[in-house]
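Visitor:
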């Protein structure tokens with residue numbers, strides 16, 4: 061009888077502990093998923109805003125070179141050093157870059173003026189996707205990255 065009195069509370073405590081662990085893990089997975097979705101939405105919204113600015117500047121008859129300078133100055137701290145992106149810090153470091161319709165990077169902190177789609181599968185995948193979200197591992201740093209992609213129609 062005495063061993064039953066000891067076993068029952070131990071079994072109840074064990075069941076309670078297992079339940080708490082399972083609930084905690086489920087909550088962790090759910091929060092991680094929600095955070096990832098939130099980051100993707102915010103990133104996509106920021107790309108949409110930048111696209112809107114570019115369209116507006118084109119409608120006002122700004123030349124592409126002028127638009128490029130405006131976008132670069134609005135998001136990068138310093139053109140002489142590896143620029144830190146001012147507006148696109150999302151769950152860590154990140155930056156905006158823009159391809160032209162041939163794949164040449166017209167705004168990028170390190171590869172501006174280069175056509176990276178021939179040199180990098182990641183850039184090629186991003187360029188070919190045209191619209192949406194792409195997730196990848198950076199070949200340079202080995203870190204997880206998310207890219208939001210939108211196409212801006214060329215008005216000539």
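Residue numbers (my numbering): 61 to 216. Cβ atoms here follow ideal geometry from the backbone N, Cα and C, with glycine treated the same way.
Apart from the five residues just before and just after residue 216, which ones in its own chain have a Cβ nearer than 7 Å to its Cβ?
Guide: What you label residue 216 is simply residue 156 of the chain shown in a count that begins at 1. Because the pLDDT at residue 216 is just 45, under 50, the model does not fix this residue reliably, and the point stays unresolved.
Visitor: Decide if residue 78 is buried, meaning its Cβ has at least 16 other Cβ atoms within 10 Å, or exposed.
Guide: Counted from its first residue, the chain shown places residue 78 at position 18. Classification of residue 78: exposed, given that the 10 Å Cβ count is below 16.
Visitor: To which residues of the same chain is residue 108 closer than 6 Å at the C-beta, ignoring the five residues directly before and after it?
Guide: Numbered from 1 along the chain shown, position 48 holds the residue referred to as residue 108. Correct list: empty, nothing qualifies.
Visitor: Who pairs with residue 196 in a beta bridge, going by DSSP?
Guide: Residue 196 sits at position 136 when you count from the first residue of the chain shown. When DSSP reads this structure, residue 196 sits in a beta bridge with 205.
Visitor: Among the residues of its own chain, which have a CB less than 6 Å from the CB of residue 162, if the five just before and after it don't count?
Guide: Taking the chain shown and counting its residues from 1, one reaches residue 162 at position 102. Excluding five sequence positions before and after residue 162, none of the CB atoms of its chain fall closer than 6 Å to its own CB.
Visitor: What number of angstroms, rounded off, separates the C-alpha of residue 127 from the C-alpha of residue 212?
Guide: Here the question's residue 127 lines up with position 67 in the chain shown. Here the question's residue 212 lines up with position 152 in the chain shown. If I take the Cα positions, the gap works out to 13 Å.
Visitor: Since residue 166 is in the beta strand (DSSP E), which residue starts that stretch and which ends it?
Guide: The residue labelled residue 166 in the question sits at position 106 within the chain shown. Counting along the chain, the beta strand (DSSP E) containing residue 166 begins and ends at 165 to 167.
Visitor: Smallest Cα separation from residue 186: which of 101, 173, 164?
Guide: Position 126 of the chain shown holds residue 186. Checked all of 101, 173, 164; the closest Cα to residue 186 is 164.
Visitor: In this structure, does DSSP put residue 183 in helix, strand or coil?
Guide: Here residue 183 is taken as the residue at index 123 of the chain shown, counted from 1. Residue 183 falls in the helix class under three-state DSSP.
Visitor: When DSSP builds the beta bridges, which residues end up paired with residue 159?
Guide: As a working mapping, residue 159 is identified with position 99 in the chain shown. The partner list for residue 159 (beta bridge, DSSP) reads 165.
Visitor: Would the region 88 to 103 and the region 116 to 132 be scored as touching if the rule is three or more Cβ pairs under 8 Å?
Guide: no
Visitor: Looking at C-alpha atoms only, which residue of 134, 202, 73, 105 is the closest neighbour of residue 167?
Guide: Residue 167 sits at position 107 when you count from the first residue of the chain shown. It is 134.
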